[in-house]
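With my numbering as the guide, the letters of the sequence shown map in order to residues 87 to 188.
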Amino acid sequence: MNFFYLDFEGGFVKVGKILWWDGNQNEGVIRDGTGAEYYFNYSAVSGRLTSQIADGRFVEFQTIVTADGQSCAKDITLIPVKSEKRAIKRISQEKQLALELG
87 MNFFYLDFEG GFVKVGKILW WDGNQNEGVI RDGTGAEYYF NYSAVSGRLT
137 SQIADGRFVE FQTIVTADGQ SCAKDITLIP VKSEKRAIKR ISQEKQLALE
187 LG
């Protein structure tokens, strides 16, 4: 995979959920509120707290596009478990907006 970044999409922080995480390979996928998926590896996680990365955890992140066109997550921050209700609300708002914009 080529990690030369071509484009920074938007510059705003997204909220998503870790769809899967492979601790052996140190890579995974995040799904945002619109259903889009973003590849990431441990180097994109703030503080590199790989022991806390797990399937189903909510995260805040920004997006980039690699030279080969793959959407990836960067600047990933794990959302504290006590703040997950706010994350779920934000994701449902993103889904609703995506449906309205069609």
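Note that beta-carbon positions come from the ideal geometry of N, C-alpha and C, so glycine has one too.
field: Residues near N127 in its chain [Cβ-Cβ closer than 7 Å; skip 5 each side]
entry: Here residue 127 refers to the residue found at position 41 of the sequence shown. The answer, listed in chain order, is N112, E113.
field: Extent of the continuous beta strand (DSSP E) to which F98 belongs
entry: Stepping through the sequence shown from its first residue, residue 98 is reached at position 12. From DSSP, F98 is part of no beta strand (DSSP E); its letter is neither H nor E.
message: Here's the rule I'm using: 16 or more other beta-carbon atoms within 10 Å means buried, otherwise exposed. How should D118 be labelled?
response: The residue given as residue 118 occupies position 32 in the sequence shown. By the 10 Å Cβ count, D118 comes out buried.
task: Taking S157 and A122 to be in contact with their CB atoms under 8 Å, please state how far apart those CB atoms are, rounded to whole angstroms.
output: The sequence position of residue 157 within the sequence shown is 71, counting from 1. The sequence position of residue 122 within the sequence shown is 36, counting from 1. At roughly 7 Å, the Cβ-Cβ gap stays under 8 Å, so S157 and A122 are in contact.
query: How about W107 and A159: are their beta carbons less than 8 Å apart?
result: The residue given as residue 107 occupies position 21 in the sequence shown. The residue given as residue 159 occupies position 73 in the sequence shown. Contact: no.
query: Straight-line CA distance for D161 to L187?
result: Position 75 of the sequence shown, counting from 1, holds the residue named residue 161. Position 101 of the sequence shown, counting from 1, holds the residue named residue 187. For D161 and L187, the distance between alpha carbons rounds to 27 Å.
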